[in-house]
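Just so we're aligned: 127 in the working numbering is position 117 of the sequence shown, and the numbers increase by one with no gaps anywhere. We put the beta carbon where it would ideally sit given N, CA and C, even for glycine. What you are looking at is a predicted structure, and each value in this text was computed from that prediction instead of being measured. Note sheet for the following structure.
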Amino acid sequence: MISPPIFVTQPDLPDLEEFIISLKKIWNSKWLTNNGEFHQEFEKELAEYLGVKYVSLFANGTLALVSALQVLRISGEVITTPYSFVATTHALWWNGITPVFVDIEPETCNIDYKKIEAAITPKTTAILPVHVYGNPCEVSEIEKIADIYGLKVIYDAAHAFGVKIDNNSISNYGDLSILSFHATKSFNTIEGGAIISHDEKTKKRIDYLKNFGFADEVTVVAPGINAKMNELQAAYGLLQLKKFEDKIEKRKKISEFYRELLKGTKGIRYMKDIENVKHNYAYFPIFVDDNYPLNRDELYFKLQEHNIYGRRYFYPLISEFPAYRGLPSARTSNLMKAKEVSHQVICLPIYPDLDLKDVERICRIIKS
Ligand code: T4K
């Protein structure tokens with residue numbers, strides 16, 4: 011008998027009874043969106059939990075990214091990675107900005123900071139790196155480059171909710187950081203996202219921009235957008251926050267079990283924890299090289315025959331999609347490492363309720 015499907019992730023939901031209590035409050039108040047009580051409380055609690063100064067909630071991570079670029083008035087060219095979810099580069103495109111792709115460093119799958127300087131031109135205004143799979147970028151080195159060339163840094167921290175370096179939130183680095191709370195993320199509000207900022211003036215500008223640019227009833231300070239999170243999402247998020255640490259512990263256990271079982275499997279590489287980093291174990295990518303008897307796609311589809319649906323995050327590279335492949339920086343010779351890794355990766359299923367017996371079964375298939 012074939013087992014039920016196991017997907018790359020399964021969203022974690024709050025306790026339904028508790029959520030109903032919040033829903034009743036919303037029903038009674040008739041306050042559904044536009045900076046309601048749950049929204050205000052969620053922003054405050056998130057800032058406290060993450061250890062950051064200001065959180066601005068958004069309807070989703072993509073709108074947070076698009077808006078973050080507007081907040082800092084970024085234009086011209088922005089240096090970024092081709093090894094990410096398409097939303098990273100799409101946010102640039104929606105702002106009329108030209109992405110300039112820089113290759114990655116295969117150990118972490120993050121942008122290779124050593125290659126950033128060579129990509130800077132007089133049109134460069136910012137760097138948009140991604141903490142891929144929640145692995146922190148080389149934040150100090152990136153900051154040094156940004157300071158020398160007068161560039162802004164916006165981190166796409168969509169995968170990095172709760173990640174810390176030396177006990178300091180990853181979201182405290184850069185001029186702004188964006189988070190995603192999509193259903194598939196380690197922390198979800200169904201859809202949702204946030205911009206993390208470090209001073210009151212910037213927080214204000216973000217909040218104006220996500221609400222059409224309104225500063226008050228009769229003042230529109232900029233052509234803003236509607237990117238607000240609603241009260242239902244915020245109430246749901248508050249409940250999620252209470253149990254997030256437990257969920258990370260469960261993910262960590264699963265991650266460690268995968269590593270233990272896959273240890274020594276020829277042709278299969280996986281990522282190690284980084285010293286001084288508190289990881290969130292959002293993803294469990296493996297990289298299949300020539301020493302493995304099958305190529306990546308053969309293993310990917312073999313797993314599917316057993317009803318196991320990993321995902322090839324991130325294949326193809328963003329630079330290979332029609333909108334971007336004509337750009338000079340999209341040429342393969344510029345992105346050799348990213349190309350190689352994108353042909354090796356499979357993200358294996360990981361979520362708090364994943365049974366360790368299923369992890370065992372997945373590893374048995376990989377090793378057989
Ligand atoms: N920057 C980065 C680096 C990102 O990775 C993302 C999003 C963003 C920015 C943008 O943030 P948002 O605007 O999304 O907040 C998923 C997500 O839709 C996307 O949020 C995420 N990155 C990306 C890496 O993954 P898909 O197209 O792979 O998702 P989908 O629908 O195929 O779901 C994957 C699996 O999850 C399904 O096979 C089954 C399971 N699933 C999914 C959903 C939605 C469930 O069990 N229940 C569900 O409700 O993009």
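Closer than 6 Å: residue i CB and nearest the ligand T4K heavy atom
i: F95; result: yes
i: N70; result: yes
i: T229; result: no
i: Q20; result: yes
i: G203; result: yes
i: A193; result: yes
i: S181; result: no
i: T98; result: yes
i: A170; result: no
i: S329; result: no
i: D365; result: no
i: D368; result: no
i: V140; result: yes
i: L190; result: Note that residue 190 corresponds to Ser in the displayed sequence, not to Leu. Yes, since a heavy atom of the ligand T4K falls inside the 6 Å radius drawn around the Cβ of S190.
i: F294; result: no
i: D166; result: yes
i: F297; result: no
i: F17; result: yes
Integer-rounded CB distance, given that residue j should sit under 8 Å from residue i
i: A136; j: V163; result: 7 Å
i: N105; j: I84; result: 7 Å
i: I216; j: S77; result: 7 Å
i: S66; j: S207; result: 7 Å
i: F297; j: R279; result: 4 Å
i: Y165; j: P139; result: 6 Å
i: T194; j: T19; result: 5 Å
i: P295; j: Y143; result: 6 Å
i: I376; j: Y291; result: Contact doesn't hold; Cβ gap of about 19 Å is too wide.
i: I188; j: G203; result: 6 Å
i: L79; j: L102; result: 7 Å
i: I200; j: Y246; result: 7 Å
i: E370; j: L271; result: 7 Å
i: Y268; j: H169; result: With 8 Å as the limit, Y268 and H169 do not qualify as a contact, their Cβ atoms being about 17 Å apart.
i: N198; j: P362; result: Contact flag wrong, Cβ pair sits at about 12 Å.
i: I205; j: F68; result: 7 Å
i: A333; j: I114; result: With 8 Å as the limit, A333 and I114 do not qualify as a contact, their Cβ atoms being about 20 Å apart.
i: I328; j: T118; result: In fact, because the Cβ distance is near 18 Å, the residues do not count as touching under 8 Å.
The alpha helix (DSSP H) enclosing residue i, as first and last residue numbers
i: E153; result: 149-159
i: S32; result: 26-39
i: T212; result: 210-219
Host beta strand (DSSP E) of residue i (start-end)
i: A204; result: 203-207
i: L186; result: 186-190
i: K162; result: 162-166
i: V298; result: 294-298
i: I137; result: 134-138
i: A225; result: 224-226
Chain B within 7 Å of residue i, Cβ atoms only
i: E350; result: Absent here is chain B; the protein component of the structure consists of one chain.
Quiz item: Are three or more beta carbon pairs between the stretch 129-141 and the stretch 77-95 nearer than 8 Å?
Solution: yes
Self-check item: Start-end ranges of the beta strand (DSSP E) lying completely within the stretch 250-283, minimum 3 residues
Solution: 278-280
Quiz item: Between the stretch 146-153 and the stretch 263-270, do three or more beta carbon pairs fall short of 8 Å?
Solution: no
Self-check item: beta strand (DSSP E) runs contained entirely in the stretch 301-377, provided each spans 3 or more residues
Solution: 355-358
Exercise. Let me know the beta strand (DSSP E) ranges lying completely inside the stretch 88-118, each 3 residues or longer, listed in chain order.
Key: 108-111
Quiz item: Below 8 Å, can you find three or more Cβ-Cβ pairs linking the stretch 240-253 to the stretch 330-339?
Solution: The stretch 240-253, when compared against the stretch 330-339, does not touch it at the 8 Å Cβ threshold.
Quiz item: Going along the chain, which unbroken runs of the alpha helix (DSSP H) with 4 or more residues stay wholly within the stretch 47-81?
Solution: 47-60, 71-81
Quiz item: Would you call the stretch 29-39 and the stretch 223-230 in contact, with 3 or more CB pairs under 8 Å?
Solution: no
Quiz prompt | contact_flag[the stretch 269-288, the stretch 56-63] where n(CB pairs < 8 Å) is 3 or more | solution = no
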